[in-house]
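Colleague: For reference, the structure I am asking about is given below.
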Amino acid sequence: MTKPRILVARAIFPEIIAKLAEHFEVESNPSDEIWTKAQLAAKLADKVGVFTTGSERIDAEVLAAAPHLKICANMAVGYNNFDVDAMTAAGVLGTNAPDVLTETTADFGFALLMATARRLTESEHYLRAGRWTKWSYDMFSGSDIHGSTLGIIGMGRIGQGIAKRGAHGFGMNVIYHNRSRLDAALEADCKASYVSKETLLKTADHIVLVVPYSAASHHTIGAAELALMKPSACLVNIARGGIVDDVALAAALKDKRIAAAGLDVFEGEPKVHPDLLTLSNVVLTPHIASATVPTRLAMANLAADNLIGYLTKNMPLTPLNRAVIAIK
Ligand code: GLV
Numbered sequence: 024m025t026k027p028r029i030l031v032a033r034a035i036f037p038e039i040i041a042k043l044a045e046h047f048e049v050e051s052n053p054s055d056e057i058w059t060k061a062q063l064a065a066k067l068a069d070k071v072g073v074f075t076t077g078s079e080r081i082d083a084e085v086l087a088a089a090p091h092l093k094i095c096a097n098m099a100v101g102y103n104n105f106d107v108d109a110m111t112a113a114g115v116l117g118t119n120a121p122d123v124l125t126e127t128t129a130d131f132g133f134a135l136l137m138a139t140a141r142r143l144t145e146s147e148h149y150l151r152a153g154r155w156t157k158w159s160y161d162m163f164s165g166s167d168i169h170g171s172t173l174g175i176i177g178m179g180r181i182g183q184g185i186a187k188r189g190a191h192g193f194g195m196n197v198i199y200h201n202r203s204r205l206d207a208a209l210e211a212d213c214k215a216s217y218v219s220k221e222t223l224l225k226t227a228d229h230i231v232l233v234v235p236y237s238a239a240s241h242h243t244i245g246a247a248e249l250a251l252m253k254p255s256a257c258l259v260n261i262a263r264g265g266i267v268d269d270v271a272l273a274a275a276l277k278d279k280r281i282a283a284a285g286l287d288v289f290e291g292e293p294k295v296h297p298d299l300l301t302l303s304n305v306v307l308t309p310h311i312a313s314a315t316v317p318t319r320l321a322m323a324n325l326a327a328d329n330l331i332g333y334l335t336k337n338m339p340l341t342p343l344n345r346a347v348i349a350i351k
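Residue numbers (this note's numbering): 24 to 351.
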């Protein structure tokens with residue numbers, strides 16, 4: 024019996040390809056070529072499933088070229104690369120990879136916050152460039168994390184993980200803003216208080232963004248929001264490019280309207296706005312918040328298990344548009 028055909032759109036752990044190959048005829052991309060939309064669509068013409076990372080856009084145009092497609096399994100918790108409405112209309116299930124990356128990503132959010140507030144990379148570049156000739160009292164003075172006020176925008180699982188690290192580990196006063204308020208037990212667990220976005224922007228010493236990307240969250244932080252922040256404040260974005268207006272942020276950093284930023288995600292990544300690259304008060308990392316070997320492996324396994332579960336037993340693990348399952 025011939026096996027169903029699936030596509031793995033990016034290079035991935037060989038053991039994941041081997042696991043998928045037990046169930047499917049797999050077309051993979053070991054050289055990790057970045058396909059154009061037309062190339063991706065052409066490869067999907069005869070596939071029933073696709074393993075995507077956050078970088079492949081699945082929209083009505085791609086779906087129209089994929090008449091046999093039943094599932095797109097994203098190896099990411101964010102799924103703004105999926106047009107979920109178009110997928111539902113086409114009867115295609117989307118799945119993401121939540122939970123398995125929560126603690127790792129919260130660790131990284133905290134690492135980026137620490138690096139930004141304490142000017143870690145800037146001072147390292149200075150040392151490596153051979154410019155450190157003497158100690159001085161104000162060399163690379165940053166701002167404190169412990170005891171400061173941490174503002175979190177987006178209080179899902181990762182936001183909660185960051186809140187706990189801040190409140191329990193560093194004695195921070197944690198405030199948050201979210202579409203909906205957490206219940207009292209969760210707030211107590213995170214030691215976090217709900218405030219309006221404006222209050223958060225005005226009172227936080229450090230702000231971490233963990234809000235999912237959507238049309239509604241586009242430019243959650245732009246010039247107007249940056250103007251409300253304390254001049255001493257640090258801003259960290261581990262959410263998605265587009266949550267911050269990078270042009271406005273670069274201008275604010277250049278004019279020292281805020282102290283510093285830590286960015287793991289960018290508008291139009293992997294391109295980075297050239298102004299950000301020239302500034303010393305920004306820490307830049309290439310979208311690595313979930314990048315530890317065990318976590319990336321867990322994410323890849325979850326995406327693979329969604330493909331296997333849905334295509335062999337009609338039982339995906341983490342469906343996004345559940346309505347499709349009943350129809351099929
Ligand atoms: C990474 O950005 C993810 O959404 O998993």
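From the three backbone atoms N, C-alpha and C, an ideal C-beta is built for every residue, glycine too.
Predicted model, so just to flag it, every value in this text is computed and none were measured.
Starting from S146, follow the alpha helix (DSSP H) in both directions and report where the run begins and ends.
Modeller: Counted from its first residue, the sequence shown places residue 146 at position 123. Start and end: L143 to R151.
Colleague: Shorter than 7 angstroms, the distance from the beta carbon of H20 to the closest heavy atom of the ligand GLV, or not?
Modeller: Residue numbering for the chain in the displayed model covers 24 to 351; residue 20 lies beyond these limits and cannot be assessed.
Colleague: Does the distance from the C-beta atom of G114 to that of V316 stay below 8 angstroms?
Modeller: Translated into the one-based positions of the sequence shown, residue 114 becomes position 91. Translated into the one-based positions of the sequence shown, residue 316 becomes position 293. No, the Cβ-Cβ distance between G114 and V316 is not below 8 angstroms.
Colleague: Could you pull the DSSP bridge partners for G170 from this structure?
Modeller: The residue labelled residue 170 in the question sits at position 147 within the sequence shown. None; G170 has no bridge partner.
Colleague: Near the ligand GLV, which residues have their beta-carbon closer than 5 angstroms to a heavy atom?
Modeller: Those residues placing their Cβ nearer than 5 angstroms to any heavy atom of the ligand GLV are, following chain order, A99, V100 and G101.
Colleague: Grab the span of the beta strand (DSSP E) containing T75 for me, first residue to last.
Modeller: Within the sequence shown, the letter at position 52 stands for residue 75. Looking at the DSSP string, the run of the beta strand (DSSP E) that includes T75 is G72 to T75.
Colleague: For a quick check, are the C-beta atoms of L299 and D269 less than 8 angstroms apart?
Modeller: In the sequence shown, counting from the first residue as 1, residue 299 sits at position 276. In the sequence shown, counting from the first residue as 1, residue 269 sits at position 246. Yes, the Cβ-Cβ distance between L299 and D269 is below 8 angstroms.
Colleague: Give me the Cβ distance between L63 and A41, rounded to the nearest whole Å; I'm assuming they're in contact under 8 angstroms.
Modeller: Within the sequence shown, numbered from 1, the residue matching residue 63 stands at position 40. Within the sequence shown, numbered from 1, the residue matching residue 41 stands at position 18. About 23 angstroms; that fails the 8 angstroms criterion.
Colleague: As an exercise, report each continuous beta strand (DSSP E) stretch of at least 3 residues that is fully enclosed by the stretch 149-229, in chain order.
Modeller: 172-176, 196-200 and 215-217
Colleague: State the beta-bridge partners of P121 as determined by DSSP.
Modeller: Against the sequence shown, residue 121 aligns to sequence position 98. Paired residues: none, contrary to the question.
Colleague: Less than 8 angstroms between the beta carbons of L343 and H229, yes or no?
Modeller: Indexing the sequence shown from 1 puts residue 343 at position 320. Indexing the sequence shown from 1 puts residue 229 at position 206. No, they are not a contact pair.
Colleague: By the DSSP assignment, the beta strand (DSSP E) with L307 in it spans what residues?
Modeller: Start at 1 with the first residue of the sequence shown, and residue 307 comes out as number 284. Counting along the chain, the beta strand (DSSP E) containing L307 begins and ends at V305 to L307.
Colleague: Closest Cβ-Cβ distance between S303 and chain C: below 8 angstroms?
Modeller: This model lacks chain C altogether, as it is built from one protein chain only.
Colleague: Indicate whether the contact test is met: 3 or more Cβ pairs, each with one atom in the stretch 107-127 and one in the stretch 240-256, closer than 8 angstroms.
Modeller: no
Colleague: Is V31 helix, strand or coil by DSSP?
Modeller: Walking along the sequence shown from the start, residue 31 turns up at place 8. Residue state, collapsed to three classes: strand.
Colleague: What is the rounded straight-line gap between the Cα of Y199 and the Cα of Y217?
Modeller: Within the sequence shown, residue 199 is the residue found at index 176, counting from 1. Within the sequence shown, residue 217 is the residue found at index 194, counting from 1. Their Cα atoms are separated by approximately 5 angstroms.
Colleague: Answer with buried or exposed for T57, where buried requires no fewer than 16 other C-beta atoms within 10 angstroms of its C-beta.
Modeller: The count along the sequence shown starts at 1 and reaches residue 57 at position 34. Checking the sequence, you will find Ile at residue 57 rather than Thr. So I57 ends up on the exposed side.
Colleague: Just how far apart, CA to CA, sit A323 and I35?
Modeller: As a first step, residue 323 is located in the sequence shown; it is residue number 300 there, counting from the start. As a first step, residue 35 is located in the sequence shown; it is residue number 12 there, counting from the start. Answer to the nearest angstrom: the Cα atoms are 8 angstroms apart.
Colleague: Short of 6 angstroms in beta carbon distance, which residues of its chain neighbour A96, apart from the five on each side in sequence? Order them along the chain.
Modeller: Here the question's residue 96 lines up with position 73 in the sequence shown. Closer than 6 angstroms at the Cβ level, and outside the excluded window around A96, lie F74, T118, A326, N329 and L330.
Colleague: Measure how close the beta-carbons of P235 and A262 come, nearest whole angstrom, since I'm counting them as under 8 angstroms.
Modeller: Numbered from 1 along the sequence shown, position 212 holds the residue referred to as residue 235. Numbered from 1 along the sequence shown, position 239 holds the residue referred to as residue 262. So it is a contact: roughly 7 angstroms between Cβ atoms.
Colleague: Look up L232 in the DSSP assignment and say whether it is helix, strand or coil.
Modeller: Counting from one through the sequence shown, the residue named residue 232 turns up at place 209. Strand, per DSSP.
Colleague: Which residue from P53, T59 and I168 puts its Cα closest to that of A190?
Modeller: Numbered from 1 along the sequence shown, position 167 holds the residue referred to as residue 190. Comparing Cα positions, the closest option is I168.
Colleague: Is S313 near E145, with beta carbons less than 8 angstroms apart?
Modeller: Along the sequence shown, one-based indexing puts residue 313 at 290. Along the sequence shown, one-based indexing puts residue 145 at 122. Cβ atoms of S313 and E145: not closer than 8 angstroms.
Colleague: DSSP on I311, reduced to helix/strand/coil?
Modeller: For this step, residue 311 is matched to residue 288 along the sequence shown. In the three-state reduction of the DSSP assignment, I311 falls in the coil class, being assigned neither a helical nor a strand state.
Colleague: Going straight from the alpha carbon of V197 to that of P27, what length do you get?
Modeller: In the sequence shown, the residue the question calls residue 197 occupies position 174. In the sequence shown, the residue the question calls residue 27 occupies position 4. If I take the Cα positions, the gap works out to 49 angstroms.
Colleague: What does the alpha-carbon distance come out to for the pair Y102 and E126?
Modeller: Numbered from 1 along the sequence shown, position 79 holds the residue referred to as residue 102. Numbered from 1 along the sequence shown, position 103 holds the residue referred to as residue 126. Cα to Cα, the separation comes out at about 19 angstroms.
Colleague: Quick check on P254: does DSSP put it in helix, strand or coil?
Modeller: Walking along the sequence shown from the start, residue 254 turns up at place 231. DSSP places P254 in coil when its eight states are reduced to three.
Colleague: For S159 and I185, I'd like the C-alpha separation in whole angstroms.
Modeller: Residue numbering aside, residue 159 sits at position 136 when the sequence shown is read from its first letter. Residue numbering aside, residue 185 sits at position 162 when the sequence shown is read from its first letter. About 33 angstroms.
Colleague: So, using beta-carbon positions, are V123 and L92 closer together than 8 angstroms?
Modeller: The residue given as residue 123 occupies position 100 in the sequence shown. The residue given as residue 92 occupies position 69 in the sequence shown. No, these two residues do not count as a Cβ contact at 8 angstroms.
Colleague: Using only CA atoms, which one of K60, R80 and I94 lies nearest to L340?
Modeller: Walking along the sequence shown from the start, residue 340 turns up at place 317. Of the candidates K60, R80 and I94, the one whose C-alpha sits nearest the C-alpha of L340 is I94.
Colleague: Would you call N104 buried or exposed, if buried means 16 or more other Cβ atoms sit within 10 Å of its Cβ?
Modeller: Sequence index remark: in the sequence shown, residue 104 carries index 81 (1-based). When all chains shown are included, N104 counts as buried.
Colleague: Mind checking which residues open and close the alpha helix (DSSP H) that includes G291?
Modeller: The residue you call residue 291 lines up with position 268 of the sequence shown. Segment: none, G291 is in no alpha helix (DSSP H) and carries neither H nor E.
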